[in-house]
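Listed in order, the protein sequences are those of chains Z and A.
Under our numbering, residues 616 to 890 are what the first sequence spells out, in order.
Under our numbering, residues 2 to 566 are what the second sequence spells out, in order.
Yeah, the Cβ is synthetic: ideal placement off N, Cα and C, and Gly gets one too.
Worksheet: one structure, shown below.
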Amino acid sequence: MKLAIVLAVVAVMVVLRLVRAGLLVWLAAWWVGTYAVLRYGFVTPIPASALHIFMAITALSLFAYATSSRERMRATYEPVLAFASESRFTLPLALVAASIPGVVAWSVYQGLQQPLQPPYFGRTVHPSPPAEITSRGEKVDLARAANPFRNLEKTDVQAFRRHVENGRRVYYRNCFFCHGDDLGGAGMYAHGLDPVPANFLDSGVLPMFQESFFFWRIAKGGPGMPDEGAPGDSAMPEWERMLSNEEMWDVILFLYDDAGYRPRALEAVGAEVAH
Amino acid sequence: MPPISRRHEASSWVTLALALAALPCFAAPAPDLGTDQQRQAGKPLYDRHCSQCHGEKGDGLGVAAPFLSPKPRDFTSGKFKIRTTPSGALPTTQDLKAIIRAGMPYTAMPGWPQFNDRQLTDVAYYVKSFAADFADPDRQPEPIQSPPVPAISGESIGRGKKLYEELGCARCHGETGRSDGVAAPTLTDDWGYLIRSADLTRRWTFRGGPTRQEIFRAFSTGLNGTPMPSFVDALTVEQRWDLADFVYSLSPRDSPEYATLLVAKKVARELDLAEGAKLFEEAEPAYFPVIGQIMQPGRAFHPSCNGIAVRAVYNETDIAFELRWNDMRAEVTGKNGPELAVAAAEDEGDEPAAAPPAAEGGGGWGDAEAAAPAAEPAAAPADVWGEGEAGAAASAAVPQSEFSDAVAIQFPAEKSLTIRKPYFVFGDKGNAVNLWFVDLAKPEPALYVGRGSDSLEPLGPRDLTVTRGYDKGEWTVVFKRRLRSQGEVTFEEQGFLPIAFSVWDGLAGERGNKRGLTNWWTVYLSPDEKPSLVREMAKWGGLAFALEVVFIGWARRRAHNSAGS
Numbered sequence: 616m617k618l619a620i621v622l623a624v625v626a627v628m629v630v631l632r633l634v635r636a637g638l639l640v641w642l643a644a645w646w647v648g649t650y651a652v653l654r655y656g657f658v659t660p661i662p663a664s665a666l667h668i669f670m671a672i673t674a675l676s677l678f679a680y681a682t683s684s685r686e687r688m689r690a691t692y693e694p695v696l697a698f699a700s701e702s703r704f705t706l707p708l709a710l711v712a713a714s715i716p717g718v719v720a721w722s723v724y725q726g727l728q729q730p731l732q733p734p735y736f737g738r739t740v741h742p743s744p745p746a747e748i749t750s751r752g753e754k755v756d757l758a759r760a761a762n763p764f765r766n767l768e769k770t771d772v773q774a775f776r777r778h779v780e781n782g783r784r785v786y787y788r789n790c791f792f793c794h795g796d797d798l799g800g801a802g803m804y805a806h807g808l809d810p811v812p813a814n815f816l817d818s819g820v821l822p823m824f825q826e827s828f829f830f831w832r833i834a835k836g837g838p839g840m841p842d843e844g845a846p847g848d849s850a851m852p853e854w855e856r857m858l859s860n861e862e863m864w865d866v867i868l869f870l871y872d873d874a875g876y877r878p879r880a881l882e883a884v885g886a887e888v889a890h
Numbered sequence: 002m003p004p005i006s007r008r009h010e011a012s013s014w015v016t017l018a019l020a021l022a023a024l025p026c027f028a029a030p031a032p033d034l035g036t037d038q039q040r041q042a043g044k045p046l047y048d049r050h051c052s053q054c055h056g057e058k059g060d061g062l063g064v065a066a067p068f069l070s071p072k073p074r075d076f077t078s079g080k081f082k083i084r085t086t087p088s089g090a091l092p093t094t095q096d097l098k099a100i101i102r103a104g105m106p107y108t109a110m111p112g113w114p115q116f117n118d119r120q121l122t123d124v125a126y127y128v129k130s131f132a133a134d135f136a137d138p139d140r141q142p143e144p145i146q147s148p149p150v151p152a153i154s155g156e157s158i159g160r161g162k163k164l165y166e167e168l169g170c171a172r173c174h175g176e177t178g179r180s181d182g183v184a185a186p187t188l189t190d191d192w193g194y195l196i197r198s199a200d201l202t203r204r205w206t207f208r209g210g211p212t213r214q215e216i217f218r219a220f221s222t223g224l225n226g227t228p229m230p231s232f233v234d235a236l237t238v239e240q241r242w243d244l245a246d247f248v249y250s251l252s253p254r255d256s257p258e259y260a261t262l263l264v265a266k267k268v269a270r271e272l273d274l275a276e277g278a279k280l281f282e283e284a285e286p287a288y289f290p291v292i293g294q295i296m297q298p299g300r301a302f303h304p305s306c307n308g309i310a311v312r313a314v315y316n317e318t319d320i321a322f323e324l325r326w327n328d329m330r331a332e333v334t335g336k337n338g339p340e341l342a343v344a345a346a347e348d349e350g351d352e353p354a355a356a357p358p359a360a361e362g363g364g365g366w367g368d369a370e371a372a373a374p375a376a377e378p379a380a381a382p383a384d385v386w387g388e389g390e391a392g393a394a395a396s397a398a399v400p401q402s403e404f405s406d407a408v409a410i411q412f413p414a415e416k417s418l419t420i421r422k423p424y425f426v427f428g429d430k431g432n433a434v435n436l437w438f439v440d441l442a443k444p445e446p447a448l449y450v451g452r453g454s455d456s457l458e459p460l461g462p463r464d465l466t467v468t469r470g471y472d473k474g475e476w477t478v479v480f481k482r483r484l485r486s487q488g489e490v491t492f493e494e495q496g497f498l499p500i501a502f503s504v505w506d507g508l509a510g511e512r513g514n515k516r517g518l519t520n521w522w523t524v525y526l527s528p529d530e531k532p533s534l535v536r537e538m539a540k541w542g543g544l545a546f547a548l549e550v551v552f553i554g555w556a557r558r559r560a561h562n563s564a565g566s
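Listed below in structure tokens is the structure:
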């Protein structure tokens, strides 16, 4: 939160209270104040679409309040009517009447200045996996499967390191062209890709999923995604065509090891409870 | 200037003599190798982030090396391309830190801005420990002074152009800088690997950076380990700036400014391909990034092409696309096709190419895996500057490839402006693509329906027409087609369509899946009449004003009535 913005809005409200502003002014102040806080009050800006929804809700609430009694309605529209009809307001009315078409024309101008954009289809970045896949003839139950080499971490550390090192070798011969040297998703071909390669340093990627999820995404690649993942656009290969299952599990071990994350624990499935 | 007293003068002479005596000491500063502690701190960083390519022993033979081109630096050689020191000299610690931080664009060497200064220093000292030369007191590098940057002008560019011609830069870099010189296909580095001369029309790909200062530095220092020499003795500082200005002027802009949208321009006239570039002069070019086809077997880890410029025009019945890309040499014999098979062995980086590279289709200019050291040892820089005939002979020594150059445009076969497009690598089973393909060794283009790269069905040329030309390192290919064809992609005014491209370089043995390609991008057929800005503004502004008048009239009437009653 940017405190200065919030305090400024509150200060304006206090001043309005002290000068006993009319209802119309209050309604305008609430709308503008809400907009100011939502639009400028946050360090991380909220999305424009969300802002529009919030402002529409605010406008509706203010409208409901203004029309909730005859007195309030009158207090709202009478100043407007007076402004439009009384002769003492003729000059300001003329100014306002002249400026509104100007503002409209300006916003039309702004709208037409926007560069042409190709149509955008929001895609699900991490779509849901199927229940089961077959990779190189081997069935893998995605809800239950653990990395077959994960337990070596406790039982045979040396063997585990060998798998991690093999994963490193696989990564730097296949994956780093897109996903980058540091796993950050900025490989030498990332500039030519849309959607962009996954960033494994992002805390929203590796720790959020079980290892079987990545096994699915690696084995079946872009083309293996459901339609909401935009399978025709993704450059992620179907690695089962080029890597063995062991190599794919190894590269997953390497990703977690190098990025310093732990995979999400298996969830309880049916009667089985993972401890 | 005030007169100098005799005594003062004498003392200055003594000082000067002392300074001269001391000079060798200053000229050879003590080796800057860092402390044991620094090198030890650099090792884990190196092992984790650098060794995959450069090797644990710094010999450039890391696990990724077989898949890379240009090859990772062999630190044991002490030869570094980007330095501030004279040709053949070692780099300074600062040079190493700078290149690690910045990386080398369009290679597998990324920048490491996430390293702090201490980490960069540690890694640089560790890298220095791989080559004994760094400890040699006689080989301590001294940076070449970088003079202040003069202003660039039409005159300096003109003088630079003259130098470019006189020095024979075109032999490697080509007459217009597109890396298409006669000697270009023959260039190797000191390790015998084929390397490309820089494409001077794309300065964003320069390994040492795109600014005038960085180009000037390349002329002063040369690029060690490559045929690029230093001009520090051959040219004065002013001349080097002139040359740098000319090279700088060859690129159209600072950055590639990659497009995501191609706007096809509507024209009223017949689309006559004989007009050539004139046909497209009203159309806005879009420059798309080309990357390696590394999604499916038959991979091309480092395709020759890294960008394609496209323009499009259409009228009531037809549409034409102009494709331009740079190519070191036109391969117009042999064959090519999107369905040509690539041997599985070519996809494996592990095995060194069994046959000498020249025996393969690509004349050695294959992909990383084929780019084992060429049979010939590296040409010394002096040879590269030999007689023109020698260079031509050298180029002829790289035989025509068995494969020709080729290019293709790809569209979804059915209108597919949804989230579910056909797979961008030649479509998939349920979603076909149309491929407009031309093998540049053949007069006729060919249409294909693609349902995956293993399922390409040739339809023959149908009514697809094509013109092509190769000029000074640049291919220009124009495709023309009806807007509507039965059972194929349909173009509609004000319509958006996915579009993708593939480029094959025959010299590098690219064919079938082994090629450069693009993601899906978008083409838009813009209407001939755009809505007039003034008319739109007047329309909406006028409407607002009319509403105001109605409201004020109503309010006044109401007030008048209530006052009257």
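By the neighbour-count definition (other C-beta atoms within 10 Å, threshold 16), His55 of chain A is a buried residue. Judged by beta-carbon spacing, Gln825 of chain Z lies beyond the 8 Å limit of Pro745 of chain Z, meaning their Cβ atoms are not closer than that value. Contacts with chain Z (Cβ-Cβ distance below 9 Å) from the region 35-57 of chain A involve Arg49, His50, Cys51, Gln53 and Cys54, listed in chain order. Three or more Cβ pairs drawn from the region 43-60 of chain A and the region 120-136 of chain A lie within less than 8 Å of each other, which places the two stretches in contact.
Counted as a single uninterrupted DSSP element, the stretch harbouring Arg203 of chain A is not any alpha helix (DSSP H), since DSSP gives it neither H nor E.
Residue state for Val478 of chain A is assigned as strand, using DSSP reduced to three classes. Here Gly470 of chain A is bridged, per DSSP, to A:Thr477.
Annotation for Asp134 of chain A: no beta strand (DSSP E) segment contains it, and DSSP assigns it neither H nor E.
Below 8 Å, too few C-beta pairs join the region 75-86 of chain A and the region 756-767 of chain Z to call them touching: fewer than three. Within the region 748-832 of chain Z, the complete beta strand (DSSP E) runs of at least 3 residues fall at 753-756. DSSP, read as helix, strand or coil, puts Leu518 of chain A in strand. Where Phe869 of chain Z is concerned, the enclosing alpha helix (DSSP H) starts and stops at Asn860 to Ala874.
In the DSSP assignment, Gln487 of chain A falls outside any alpha helix (DSSP H) and carries neither an H nor an E. When C-beta distances to chain Z are compared with 9 Å, the residues of the region 414-425 of chain A below that value are Ser417, Leu418, Thr419, Ile420, Arg421, Lys422, Pro423, Tyr424 and Phe425, in chain order. The straight-line gap separating the alpha-carbon atoms of Ala245 of chain A and Arg213 of chain A is approximately 6 Å.
Taking the Cβ atoms as the reference, Val291 of chain A lies roughly 6 Å from Val504 of chain A, within the contact range of under 8 Å. Contact with chain A is absent for Glu855 of chain Z, since none of that chain's Cβ atoms lies less than 8 Å from the residue's Cβ. In the DSSP assignment, Asn435 of chain A forms a beta bridge with A:Phe412 and A:Val450.
Measuring C-alpha to C-alpha distances from Arg751 of chain Z to each of Z:Met857, Z:Ala674 and Z:Ala874 identifies Z:Met857 as the nearest. CA-to-CA, the gap between Gly656 of chain Z and Ala636 of chain Z works out to about 25 Å. By the Cβ neighbour-count rule, Tyr735 of chain Z is exposed, with fewer than 16 other Cβ atoms within 10 Å of its own. For Lys267 of chain A, the three-state secondary structure derived from DSSP is strand. For Lys515 of chain A, the CB contacts under 6 Å within the same chain, skipping 5 residues up- and downstream, are Gly299, Ala301 and Val343 in chain order.
Within chain A, no residue has its CB atom less than 7 Å from the CB of Ala623 of chain Z, the nearest being about 31 Å off. Distances from the alpha-carbon of Pro138 of chain A to those of A:Pro30, A:Gly428, A:Gly431 and A:Leu457 put A:Pro30 closest. For Leu868 of chain Z, not one C-beta of chain A is nearer than 8 Å to its own C-beta. Per DSSP, the unbroken beta strand (DSSP E) holding Tyr315 of chain A starts and ends at Gly308 to Tyr315. For the pair of segments examined, the region 689-699 of chain Z was found not to touch the region 487-500 of chain A: the number of CB pairs separated by less than 8 Å stays below three. CA-to-CA, the gap between Ser859 of chain Z and Gly836 of chain Z works out to about 14 Å. Three or more beta-carbon pairs separated by less than 8 Å are not found between the region 265-284 of chain A and the region 433-449 of chain A, which leaves the two stretches without contact. If you look at Asp246 of chain A, you'll find it in the alpha helix (DSSP H) that goes Val238 to Leu251.
Residue-level contact by beta carbon holds for Ile553 of chain A and chain Z, with a gap shorter than 8 Å. In the three-state DSSP reduction, Ala501 of chain A falls in the strand class (E or B). Around the beta-carbon of Gln146 of chain A, fewer than 16 other beta-carbon atoms lie within 10 Å, marking it exposed. Ala850 of chain Z sits away from Pro111 of chain A, with the two beta carbons spaced by 8 Å or more.
When secondary structure is reduced to three states using DSSP, Pro186 of chain A falls in the helix class.
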